[in-house]
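**Q**
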Amino acid sequence: VTTKRPAAGGTEREVMPKPRSVQVIPAKHISSNESFQALLSEVPPDQPLVLRGLPFAGDQACFTVGSLSAEFDDVALPQRSLVAKQGMRSSTGCTIFIAEQPRDEDVIGASPAPWNPEGCSFGSFCRCAVGGSRRYLTTRSGKGTCRRVGGGLTYDSPLRGDEASDGSDALIKSLVPRVPMPLLLPENIGFAIVFWVGAFGNNFGLHSDLFSEQFLVQHEGVKEVLLLLPEDAAVIEPFPFLSSPLWYKSEKRTVSNLQLRGEPCYRAELHPGDVLYIPQWWWHEVRTISSGPSLSTTYRFHTEDSDRLNKVMNMFYQFHAGARDRRDGGRLARHIRSYFMYGLAREEEASRQAQANGPSCVALAGSVHAVLAALGGLAVASAAFGFAAGRRFQAALFQPLTGGG
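In my numbering, the protein residues as written are 7 to 411.
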């Protein structure tokens, strides 16, 4: 039930309903990816799950901020944060980002200012986190560069021969062989791995990792995760993709700022050893609720649609920007927007009609491929007309997006 809370000036504002609990699965028997897939066939589809008691290869008790700080005390951090989405490319495809969440902010800003760790080691950073700092660190490998081989994990650097590294993968190289591995991971399938070190109160804000399936493993500290996947994306209020590169984040930043309009929200509380399974597209907000340091790992498996969507969003932005800059008073840009709105509205109408006529429904993937086909067709058509923006759009269609999700 949605409750009311007095706001400034004596008026009332809505407070989000109490979230539902994510289903917790006793998981001692899940010792392979096959047994995990069997579990998925027994529970409601595409729902987040907390797996408790899951078997690991490696000792969870030895993978803490304190133990890693001692073991990798002298590992030098790069001279600056390197995040592809902020235009800071690394030689390895890895990213590392360090920032500080102000104590008067409940959630990190959508575009936090990076802290450049010049002359800083991993050990000195960890001592800051243990000492009560609001500073946090996240580092991620490139897509598909990690994989399970037997009972361990490997990291395959894209650098070859005598190519020099900028240090962006120093922590990845150190931590991948040490991290306890959940035995549910499939073998010989590439994925990205993300390590996160922080402390009480750190909150990355509401976001989606889109077409990727994820396993969030909590090693130290306790995290609260809020998750939702409303039918109407307007509930999330994502940054508009025609004017912002942050379209995978919510402008409202936190679930408590949303008007859910009856849409369900789920809550998971992760303790050391717990694993949260996050299906594709689920929006989530992760916050550390325990005192002291917090450490977690995410195993992120990108689907083929992940790259497709990134390309679409990137080229749609470029194409619209080119049309908007034409000296026609914005006529072409308005037509392009209405073109896609019309096509998507027709697809939604067909989907609702199919649902009304029978149990079958139109799959999300089908809609995505329909949009991709429309984009490809429009790219070719616009290039045939000789529009400069169309040529850029057509080229972007076949140009891999270097940032990644």
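Even for Gly, the Cβ is constructed at its ideal location relative to N, Cα and C.
#1: For HIS213, count the other beta carbons within 10 Å of its own beta carbon; 16 or more makes it buried, fewer makes it exposed. Which is it?
#2: Buried or exposed: ILE284, going by 16 or more other Cβ atoms within 10 Å of its Cβ?
#3: By the three-class DSSP mapping on this structure, what secondary structure does GLY335 have?
#4: Please return the same chain residues whose Cβ sits closer than 7 Å to the Cβ of MET6, not counting the five positions on each side in sequence.
#5: List in chain order: all unbroken beta strand (DSSP E) runs of 3+ residues lying wholly within the region 101 to 169.
#6: Are the CB atoms of SER87 and PRO61 within a distance shorter than 7 Å?
#7: Compute the distance between the beta-carbons of LEU417 and GLN85, then report whether it is under 7 Å.
#8: I believe LEU229 touches SER302 by the beta-carbon criterion, under 8 Å. Please report the beta-carbon distance rounded to the nearest angstrom.
#9: Pull the bridge partners of VAL231 from the DSSP assignment, please.
#10: What would DSSP say about PHE210, mapped onto helix, strand or coil?
#11: With which residues is PRO299 paired in a DSSP beta bridge?
#12: Just list the residues that DSSP pairs ARG58 with in beta bridges.
#13: Does the structure place the region 76 to 85 close enough to the region 205 to 224 that three or more beta carbon pairs sit under 8 Å?
#14: Taking the alpha-carbon positions, what's the LYS24 to ARG293 distance?
#15: What's the call for TYR345, buried or exposed, on a 16-neighbour Cβ count within 10 Å?
#16: Could you tell me whether the Cβ atoms of VAL231 and ALA274 are closer together than 7 Å?
#17: Would you give the residue range spanned by the alpha helix (DSSP H) that PHE245 belongs to?
#18: In terms of residues, what are the limits of the beta strand (DSSP E) holding LEU222?
#19: State the Cα-Cα distance for the pair GLN107 and SER296, rounded to the nearest angstrom.
#20: Determine the direct distance from the alpha carbon of LEU338 to that of GLU40, and round the result to whole angstroms.
#21: When DSSP labels each residue in this structure, what does LYS258 get in the three-state scheme?
#22: At the level of alpha carbons, what is the spacing between CYS152 and SER27?
#23: Tell me which same chain residues have a C-beta within less than 6 Å of the C-beta of ALA200, skipping the five on either side of it?
#24: Is PRO188 near VAL113, with beta carbons less than 7 Å apart?
#25: With 16 as the cutoff for other CB atoms within 10 Å, does ALA205 come out buried or exposed?
#26: Are there 16 or more other CB atoms within 10 angstroms of the CB of MET321, so buried, or fewer, so exposed?
#27: Given that a residue counts as buried once 16 or more other Cβ atoms are within 10 Å of its Cβ, and exposed if not, what is ALA135?
#28: Let me confirm a value: GLN43 is counted as buried when at least 16 other C-beta atoms fall within 10 Å, else exposed. Which label applies?
#29: Let's test the definition: count the other Cβ atoms within 10 Å of the Cβ of PRO32 and tell me whether it reaches 16, buried, or not, exposed.
#30: Nearest-angstrom Cα distance between GLY64 and VAL203?
#31: Mind checking ALA176: buried by the 16 CB within 10 Å criterion, or exposed?
#32: Would you tell me roughly how many angstroms separate the C-alpha atoms of CYS100 and ARG358, rounded to the nearest one?
#33: Spell out the partners DSSP gives PHE197 in its beta bridges.
#34: Give the range of the alpha helix (DSSP H) segment to which LEU191 is assigned.
**A** Answer, in terms of the structure:
#1: buried
#2: buried
#3: coil
#4: Nothing can be reported for residue 6, as the shown portion of the chain is limited to 7 through 411.
#5: 101 to 106, 141 to 146, 152 to 155, 158 to 161
#6: no
#7: The first residue shown for the chain is 7 and the last is 411, placing residue 417 beyond what the model contains.
#8: First, the residue type needs correcting, since residue 229 is Lys and not Leu in the sequence shown. About 7 Å separates the two Cβ atoms, so the contact holds.
#9: ALA274, VAL292
#10: coil
#11: ALA205
#12: PRO32
#13: no
#14: 17 Å
#15: exposed
#16: yes
#17: PHE245 -> no alpha helix (DSSP H), and no H or E assigned at all.
#18: 218 to 226
#19: 16 Å
#20: 51 Å
#21: coil
#22: 32 Å
#23: In the sequence on display, residue 200 carries Val and not Ala. Correct list, in chain order: ARG146, THR304.
#24: no
#25: buried
#26: buried
#27: buried
#28: exposed
#29: exposed
#30: 19 Å
#31: buried
#32: 42 Å
#33: CYS152
#34: Neither: LEU191 is in no alpha helix (DSSP H) and is coded neither H nor E.
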